[in-house]
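Take a look at the structure set out below.
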Amino acid sequence: MEDITQEAFPTKHDNDRRCDLFRGRWIRDLNRSIYTNESCPTIPVSKNCGWHGRSDTEYLQWRWKPDECELPRFQPENFLRLVRGKKMAFIGDSVARNQMESLLCLLSQAETPINTYKDSEDRDRTWHFPTHNFTLMVIWTKFLVPATKLLTNGTSSSDYNLQIDRPDPAWASKLPSPIDYIVLSDGHWFFRKLYLHNNNNTIIGCVFCSEPDTNHLGPAHAIGLTLRTALRFLKKYEEHTTTIVRTFSPSHFENGVWNTGGTCNRTWPLREGDVDSKGYELEVRGAQVEEVERVRVGIVDVTKMMLVRADGHPGVHWDNQYMKGSRCVRKDPVVHGCVRVWEFFGDSDWMRALADSVGSSSRKGEVSFLIEAPDNGSRGFQGEGRLVLTSRPGWGGYFLVAAPIMICQMSHL
1 MEDITQEAFP
11 TKHDNDRRCD
21 LFRGRWIRDL
31 NRSIYTNESC
41 PTIPVSKNCG
51 WHGRSDTEYL
61 QWRWKPDECE
71 LPRFQPENFL
81 RLVRGKKMAF
91 IGDSVARNQM
101 ESLLCLLSQA
111 ETPINTYKDS
121 EDRDRTWHFP
131 THNFTLMVIW
141 TKFLVPATKL
151 LTNGTSSSDY
161 NLQIDRPDPA
171 WASKLPSPID
181 YIVLSDGHWF
191 FRKLYLHNNN
201 NTIIGCVFCS
211 EPDTNHLGPA
221 HAIGLTLRTA
231 LRFLKKYEEH
241 TTTIVRTFSP
251 SHFENGVWNT
261 GGTCNRTWPL
271 REGDVDSKGY
281 ELEVRGAQVE
291 EVERVRVGIV
301 DVTKMMLVRA
311 DGHPGVHWDN
321 QYMKGSRCVR
331 KDPVVHGCVR
341 VWEFFGDSDW
351 MRALADSVGS
361 SSRKGEVSFL
371 IEAPDNGSRG
381 FQGEGRLVLT
391 SRPGWGGYFL
401 VAAPIMICQM
411 SHL
C-alpha cells in the first residue's frame with residue numbers, strides 16, 4: 001500500500017487554484033523527522049515510547065499530502081519569528097496538552113524553552129522562549145464548562161453534572177489577560193453519564209442516563225452545547241484573541257476501550273475500507289463544525305485524516321500511573337517520539353501572511369484559509385503563492401486552518 005486516501009469522505013472543491021489542506025492522503029516519506037525522542041528536551045520519560053521499548057519504525061514513514069498542493073517542511077525558526085512577542089494557549093483535556101507538547105518539541109529545535117509554570121497536578125504548564133519572547137501554554141479542562149462529580153451512595157463516581165451556561169473558570173479566569181491565539185478542543189470526557197444543567201440548575205438533558213422523564217442526548221450533542229458556551233464567551237475577546245477549534249481526534253481502541261481491555265497494536269495505517277465513514281467520530285466533528293459556523297471562528301479539521309492513523313498509538317510502550325490496568329492509553333505520537341512529526345505548516349511566506357492577517361480577517365467573518373497556487377500553474381506551493389482568506393458560506397463546515405498550529409495524532413485522559 002503506497003498511500004491512504006480519503007475519497008470516502010467527499011469534500012467540496014473551489015477550483016484548481018485552491019488547496020483544501022484537510023482533503024488528501026497519507027504517503028510514505030522516508031526522510032528524517034525534525035526531531036526524535038532523543039532530540040526533544042521536553043519529552044517526559046513516561047511518554048517516550050522508544051525508551052519504553054517500541055522498536056518498529058514503519059509508522060514514522062508517513063506524511064500528510066493534500067490533494068491540491070504540496071506542504072513545505074516545518075521551519076521552527078520561521079514560526080518563532082512569526083509569533084515573536086505573542087502568547088498561545090491550548091485549552092482542553094490532555095489531547096490539547098499533547099498538541100501543545102508536539103509544537104513545543106518542534107520549536108525546541110530552534111530555541112530551548114524555559115518551563116515557567118506548572119500546577120500541582122502537572123496539568124497546566126507554561127513555557128517561554130526568551131529570545132523570541134513567545135509564551136506557549138496549556139490550560140486543562142475536561143468539558144470546557146464547570147463540572148462536578150456525581151456521588152453514588154456517598155462515593156465519588158466517574159459521572160458528572162455539567163453547568164452548560166458558563167465556561168469553566170479554570171480557563172475563563174485567565175482572560176482578559178491578553179492571549180493572542182487560543183486553540184480550543186474537547187470531546188473524550190463526554191462518553192459517560194452526564195447531566196446537563198442550565199443557569200437555574202434545571203436539568204435540560206442527560207447523556208447515557210436511564211431516567212424516563214429526562215431529555216436523552218448523545219455525546220455529540222453535549223459536546224456541541226459546551227463548545228457553544230465556550231465560543232460565545234471568547235467572542236467578547238475577539239479584538240485581541242484569535243480562536244481556533246481543533247476537531248475531534250479518534251481514540252482507535254479495538255476490542256474494548258481504554259479501561260476495558262481495549263488494544264492498540266497497529267503498526268500500519270488503516271485502509272480506506274476499514275474506516276467507518278458514519279462513525280461517532282464524524283458525528284462529533286459535525287457538532288463541532290456546526291458551532292464553529294455559528295460564530296465564524298477558525299478550525300483545524302483533523303478528524304478525517306486521523307481516522308486512519310491507528311498505527312500512531314504507543315500501545316504498551318509508555319507509562320501512565322493512572323491507568324496501570326489498561327496497557328493501552330493513547331498519547332500524542334509526536335510527544336513521546338512514536339510517530340514522526342506530521343508537518344502541516346512551515347513555509348515562511350504564507351506563515352507570515354497568516355500571522356499578519358488572521359486577527360483582523362477572522363473578525364470580518366473570513367474564516368476559511370486556502371492556499372493559492374503560483375501563477376505559473378504549478379499544483380505545488382513552495383512559497384511562491386500567497387495565502388488567501390475567504391468566507392465560504394455553504395461549505396458545510398469544510399473550513400481550513402486559522403492559525404499557525406501543528407496538527408498531531410492525539411489521545412485523551
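The opening position of the sequence shown corresponds to residue 1 in the UniProt record's numbering, with each subsequent residue numbered one higher.
A virtual CB, placed ideally from N, CA and C, is assigned to each residue, including glycine.
Out of curiosity, what's the CA-to-CA distance linking residue i and residue j?
i	j	result
Glu68	Gly298	21 Å
Leu184	Arg125	16 Å
Tyr59	Trp268	6 Å
Gly380	Leu71	Summary for Gly380: the model assigns pLDDT 31, below 50, so the residue's position carries little reliability; its value from the coordinates is reported in the next sentence. Approximately 8 Å between the Cα atoms of the pair.
Asp20	Thr303	14 Å
Gly279	Ile203	28 Å
Asp119	Val308	35 Å
Arg266	Ser177	43 Å
Ala373	Phe79	No answer about Ala373 holds up, because its pLDDT of 31 lies below 50 and its placement is not dependable.
Glu77	Asn48	25 Å
Gln99	Arg246	10 Å
Gly273	Asp301	21 Å
His197	Asp122	29 Å
Leu175	Leu194	27 Å
Leu150	Glu211	15 Å
Phe208	Leu217	8 Å
Ser251	Met305	13 Å
Met351	Trp127	Residue placement at Met351 is poorly supported in this model, since its pLDDT is 32, which falls under 50; the coordinates are not used for a value here.
What is the C-beta distance between residue i and residue j, in whole angstroms, given that I count them as a contact (C-beta under 8 Å)?
i	j	result
Ile25	Lys65	Looking at the sequence shown, residue 25 is not Ile but Arg. Confirmed, Cβ separation roughly 6 Å.
Lys235	Val284	22 Å between Cβ atoms; not a contact.
Ser108	Pro41	6 Å
Arg28	Trp62	6 Å
Glu111	Phe129	5 Å
Asn133	Arg84	6 Å
Thr243	Leu231	7 Å
Leu282	Ala310	Contact flag wrong, Cβ pair sits at about 16 Å.
Gln288	Ile182	Rounded, the Cβ-Cβ distance is 15 Å, inconsistent with contact.
Leu104	Pro113	6 Å
Just to confirm my understanding: we take residue i, look at its own chain, exclude 5 residues before and 5 after, and list those with CB closer than 6 Å. What are they?
i	result
Phe191	Pro219
Gly92	Ser185, Asp186
Asn215	Gly205
Lys87	Thr135, Ile179, Asp180
Thr141	Asp168, Ala170, Trp171
I'd like to know if residue i contacts chain D, where contact means its C-beta is closer than 7 Å to some C-beta of that chain.
i	result
Glu239	Among the chains in the structure shown there is no chain D, since it carries only a single protein chain.
Less than 7 Å between C-beta atoms, sequence neighbours within five positions excluded: which residues of the same chain meet that for residue i?
i	result
Val145	Leu162, Gln163, Ile164, Arg166, Pro167, Asp168, Thr226, Thr229
Thr148	Tyr160, Asn161
Glu291	Gly224, Leu227, Arg228, Leu231
Tyr237	Leu175, Pro176
Alpha helix (DSSP H) containing residue i: first to last residue?
i	result
Tyr280	280-295
Arg81	76-82
Could you spell out where the beta strand (DSSP E) holding residue i opens and where it closes?
i	result
Pro66	62-66
| Which ranges would you report for the alpha helix (DSSP H) in the region 90-150 if only whole runs of at least 4 residues count? | Counting only unbroken stretches of 4 or more residues, the alpha helix (DSSP H) elements lying wholly within the region 90-150 are 94-107, in sequence order.
| message | In chain order, what are the residue ranges of uninterrupted beta strand (DSSP E) at least 3 long that sit wholly in the region 188-225? | response | 194-197, 203-207
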